[in-house]
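First the structure, in the form of structure tokens, and then the observations on it.
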Amino acid sequence: MSPLPIVPIIMAGGSGTRLWPVSRDTMPKQFVTLLGSDLSTFQATVKRVSGPAFGKPIVVTNNEFRFVCGEQLAAIGIEAEIILEPVRRDSAPAVAIGALLAERRMGNVVCLVLAADHVIEDEAAFVADCEQASAIASRGFIMTLGIKPTLPSSAYGYIDPAEKKLADNAFGIKRFVEKPDREAAERYVADGYLWNSGNFVFSVDTMLGELERLAPDVLAASRKALAASQRDLDFLRLDEPAFTEAPTTSIDYAVMEKTKTGGVLAASFGWSDVGSWDALHDIKPKDGDGNVVEGNALAMKTRGSFVRADEILTTVVGLEDVIVVSTHDAVLVAAKSAASDVKALVSDLKAKGKREASEHLRIHRPWGWYQRIDIGDRFQVKHITVKPGGKLSLQRHFHRAEHWIVVHGTAEVTIDDAVKVYHENEAAYLPIGCIHRLHNPGKIDLKLIEVQVGSYTGEDDIVRIEDVYARN
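Counting in UniProt numbering, the sequence shown runs from 1 upward without gaps.
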């Protein structure tokens with residue numbers, strides 16, 4: 001079997017809570033620009049595997065991210081097969097679905113499983129390593145791309161390479177080790193262990209065979225879910241009852257820690273999983289005091305810290321080794337040594353019913369986005385942006401009237417049986433109960449201010465009559 005083309009299977013369904021408040025359930029870290037470029041890590045990952053060594057990517061993501069995923073692919077001009085998981089089931093079912101789809105499309109091809117939120121330095125070295133791992137995978141091995149540790153980190157799992165050599169810099173695997181404490185991590189680094197990057201290369205036949213042997217319930221549920229899947233616009237929607245039968249388990253636990261076909265390639269490229277604010281601090285350029293300072297922020301008499309301000313002026317004075325991140329509606333202040341505890345913090349915020357734990361103030365929709373400006377008794381004010389060609393659903397409300405004031409672009413507004421075009425500094429009034437729709441027929445963004453007045457202004461006071469994006 002030829003090792004080419006390699007079919008990328010990109011995992012893009014995670015929530016990335018350790019990077020809260022920038023990463024949240026409604027817009028997780030893989031779709032956010034974190035690295036000082038215009039690309040999200042998801043877009044950077046897709047571009048990395050768009051060369052001649054790779055086939056058309058398969059992206060496995062959550063239903064809630066389908067439109068942002070599609071939009072970000074369109075923005076970089078790359079097509080992919082987007083698979084929608086109806087519920088989260090960790091990485092083993094996602095890998096199974098990707099392998100089954102690759103088999104359906106191309107037969108016994110070699111696949112590369114990648115996380116959508118990792119950072120790779122030296123992309124040429126990355127491609128060369130993938131090609132080498134592909135050649136070994138063609139011989140029946142499931143290869144892990146192992147990373148040479150740069151420090152004794154407790155944030156990563158480790159791989160103990162076996163003496164058996166599969167090729168240059170490639171070995172069998174003695175064992176996988178869970179995230180260790182600091183003392184154990186120091187021993188592992190001294191003994192030549194590698195970090196487990198969570199990136200795998202395998203032939204379809206090998207992976208499906210090991211899933212059948214080691215995790216048959218995962219494979220059976222995945223087969224059923226794919227067989228009963230349905231096309232929804234540009235997405236392939238897995239069957240929910242069938243996929244729900246799959247156990248929640250990682251590919252590491254389901255297969256890699258048990259298989260006899262495992263191998264590890266000591267990668268030659270730089271790597272970070274950008275899993276926490278301290279990890280992001282490590283890979284970014286720093287000033288003379290070891291600080292990373294981004295956005296509307298200022299640090300004075302401060303050392304070794306990460307300071308990011310998305311909008312509100314944020315200042316830090318006289319501190320050391322801290323993380324300060326401010327967004328439109330939330331602020332995080334933490335010791336850098338406690339960066340991994342942010343996940344527990346978010347869980348606590350969710351338990352207390354804090355909306356900010358899960359939702360951004362700016363909510364993305366397939367037609368654009370909206371952001372609340374103010375809310376009070378019997379009113380709410382929003383900033384709405386509709387991209388060119390974007391069209392909101394035909395809908396009605398039972399508890400509120402709305403005023404739409406155009407501040408940029410052109411709005412085509414439907415109110416019951418009437419359709420009218422509004423320009424800048426013009427306003428449309430939508431009385432309670434009317435059937436209405438907003439459409440941007442122009443070539444530039446439509447921006448407007450929406451003022452809602454009524455006894456209830458919640459998002460669930462929307463009755464959709466017709467929707468071009470097939471939402472319920």
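For every residue, glycine included, the Cβ atom is placed at its ideal position computed from N, Cα and C.
Just the C-alpha distance for residue i and residue j, rounded to the nearest angstrom, thanks.
| i | j | result |
| --- | --- | --- |
| Pro7 | Leu100 | This sequence places Val at residue 7; Pro is not what is there. If you take the alpha carbons of Val7 and Leu100, they lie about 12 Å apart. |
| Ala279 | Asn425 | 46 Å |
| Arg175 | Cys111 | 23 Å |
| Ala94 | Val60 | 7 Å |
| Glu71 | Thr33 | 14 Å |
| Phe243 | Lys387 | 34 Å |
| Arg231 | Arg18 | 34 Å |
| Asp129 | Arg372 | 47 Å |
| Pro247 | Glu240 | 13 Å |
| Ile384 | Tyr422 | 15 Å |
| Ile173 | Leu446 | 56 Å |
| Val22 | Glu210 | 38 Å |
| Gly454 | Ile76 | 42 Å |
| Ala401 | Asp90 | 43 Å |
| Gly353 | Asp460 | 18 Å |
| Val456 | Glu450 | Note that residue 456 is Tyr in the sequence shown here, rather than Val. Those two C-alpha atoms are separated by around 15 Å. |
| Arg471 | Val346 | 29 Å |
| Met106 | Leu319 | 56 Å |
| Pro28 | Val127 | 26 Å |
| Glu79 | Lys56 | 7 Å |
| residue 473 | Glu412 | This structure gives no information on residue 473, because the portion of the chain shown stretches from 1 to 472. |
| Leu219 | Ile251 | 12 Å |
| residue 515 | Arg88 | Past the boundaries of the shown model lies residue 515; the chain is included only from 1 to 472, so the question cannot be answered. |
| Ala140 | Lys165 | As written in the sequence, residue 140 is Gly, which differs from the Ala given in the question. Approximately 15 Å, taken between the alpha carbons. |
| Pro149 | Glu121 | 14 Å |
| Arg355 | Ala170 | 47 Å |
| Tyr156 | Met256 | 16 Å |
| Tyr188 | Pro152 | 8 Å |
| Arg48 | Asp168 | 23 Å |
| Ile465 | Gly458 | 18 Å |
| Leu448 | Leu349 | 32 Å |
| Lys382 | Val419 | 23 Å |
| Asp217 | Leu208 | 12 Å |
Between which residues of its own chain and residue i is the CB-CB distance below 7 Å, once the five residues before and five after are set aside?
| i | result |
| --- | --- |
| Glu205 | Note that residue 205 is Asp in the sequence shown, not Glu. Excluding positions up to five away in sequence, the list reads Asn108. |
| Val463 | Gln395 and Arg396 |
| Met1 | Its pLDDT being 45, under 50, Met1 is placed unreliably in this model, and the value from its coordinates should be taken loosely. So the list reads Asn108, Ser138 and Ser203, once near-sequence residues are dropped. |
| Glu178 | Gly157 |
Leaving out five residues before and five after residue i in sequence, what residues of the same chain have Cβ atoms less than 6 Å from its Cβ?
| i | result |
| --- | --- |
| Asp467 | Ser393 |
| Val342 | Arg18 and Trp20 |
| Arg362 | Trp369 and Gln371 |
| residue 478 | No information on residue 478 is available, as it lies outside the stretch 1 to 472 that the chain covers here. |
| Val333 | Val324 |
| Ser50 | Ile78 |
| Ala225 | Leu238, Asp239, Ala242 and Phe243 |
| Asn196 | Gly157 and Ile159 |
| Arg66 | Leu84 and Phe235 |
| Gln30 | Ala12, Thr41, Phe42, Ala116 and Asp117 |
Do residue j and residue i have their beta-carbon atoms positioned less than 8 Å apart in this structure?
| i | j | result |
| --- | --- | --- |
| residue 476 | Ala267 | The displayed coordinates of the chain run from 1 to 472. Any statement about residue 476 would go beyond what the structure contains. |
| Phe42 | Pro5 | no |
| Gly409 | Gly368 | no |
| Val317 | Lys301 | yes |
| Leu214 | Ala254 | yes |
| Ser340 | Asp25 | no |
| Gly14 | Ile58 | no |
| Val274 | Lys284 | no |
| Ile10 | Thr45 | yes |
| Gly304 | Gly290 | yes |
| Ala96 | Ser222 | yes |
| Gln452 | Phe379 | yes |
| Ile147 | Trp271 | yes |
| Ala74 | Phe269 | no |
| Val68 | His360 | no |
| Ala92 | Thr261 | no |
Cutting at 8 Å between CB atoms, please list the residues of its own chain near residue i, excluding the five before and the five after it.
| i | result |
| --- | --- |
| Asp181 | Ser154 |
| Ile415 | Ala428, Leu430, Cys434, Ile435 and His436 |
| Asn199 | Leu112, Val113, Leu114, Ala115, His118, Thr144 and Leu145 |
| Pro3 | Bear in mind that a pLDDT of 49 at Pro3, under 50, signals an unreliable position, so the number given afterwards is only what the model happens to contain. So the list reads Val110, Glu131, Ser134, Ala135, Ala137 and Ser138, once near-sequence residues are dropped. |
Enumerated in chain order, which unbroken segments of the alpha helix (DSSP H) with a length of 4 residues or greater are wholly contained in the segment 24 to 87? 41 to 48 and 66 to 75
Could you say if the segment 299 to 313 and the segment 326 to 341 meet the contact criterion of at least three C-beta pairs nearer than 8 Å? yes
Alpha helix (DSSP H) segments (min. 4 residues) lying fully within the UniProt domain "MannoseP isomerase/GMP-like beta-helix" (295 to 349): none
Pairing CB atoms from the segment 71 to 91 with CB atoms from the segment 218 to 236, are three or more of them under 8 Å? yes
Stretch-stretch touch, CB-based, cutoff 8 Å, three pairs: the segment 357 to 376 with the segment 399 to 406: no
Between the segment 150 to 164 and the segment 187 to 197, are three or more C-beta pairs nearer than 8 Å? yes
I'd like the ranges of any beta strand (DSSP E) spanning at least 3 consecutive residues and lying wholly in the segment 125 to 172. 142 to 147 and 158 to 167
Ranges of the beta strand (DSSP E) found wholly within the segment 340 to 417, counting only runs of at least 3: 362 to 365, 368 to 376, 379 to 386, 394 to 396, 400 to 408 and 411 to 415
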